[in-house]
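Chemist: Residue numbers (this note's numbering): 1 to 116.
Here it is, the structure, as structure tokens.
Below, the structure is given as structure tokens:
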């Protein structure tokens, strides 16, 4: 590995791809979630909620930010096995911590619109 210039080009393209697609979507979702309260009070709330249904529709209005939390959790669950490939025991511990924390938050906040 890294004996030729092709590896550095592929590494550059990989980093560029990660920055262009996943990080852009997470940044956009963060901006949209952070601007939710001000847009709701300004009267543009229905347009925002309709346009970004996948972020806000499943959750109660008081827990509008939970869609972003799920997006971040899923990104961590996808990236941690790739980042910590050389250390499988650390992968298991980190994945368990992320899942346990996400479950505890879900139980504590209960963001869903439907009740049990």
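Heads up, the beta-carbon is just placed ideally off N, CA and C, and yes, glycines get one too.
Rounding to the nearest angstrom, what Cα-Cα distance links residue 78 and residue 4 in this structure?
Modeler: Answer to the nearest angstrom: the Cα atoms are 29 Å apart.
Chemist: Would you call residue 96 buried or exposed, if buried means 16 or more other Cβ atoms sit within 10 Å of its Cβ?
Modeler: Classification for residue 96: exposed.
Chemist: Using only CA atoms, which one of 6, 25, 63 lies nearest to residue 112?
Modeler: Considering only alpha carbons, the answer is 63.
Chemist: For residue 84, list the residues DSSP reports as bridge partners.
Modeler: Residue 84 is not bridged to any residue.
Chemist: Within 10 Å of its beta-carbon, does residue 99 have 16 or more other beta-carbons around it, so buried, or fewer, so exposed?
Modeler: Residue 99 should be labelled exposed.
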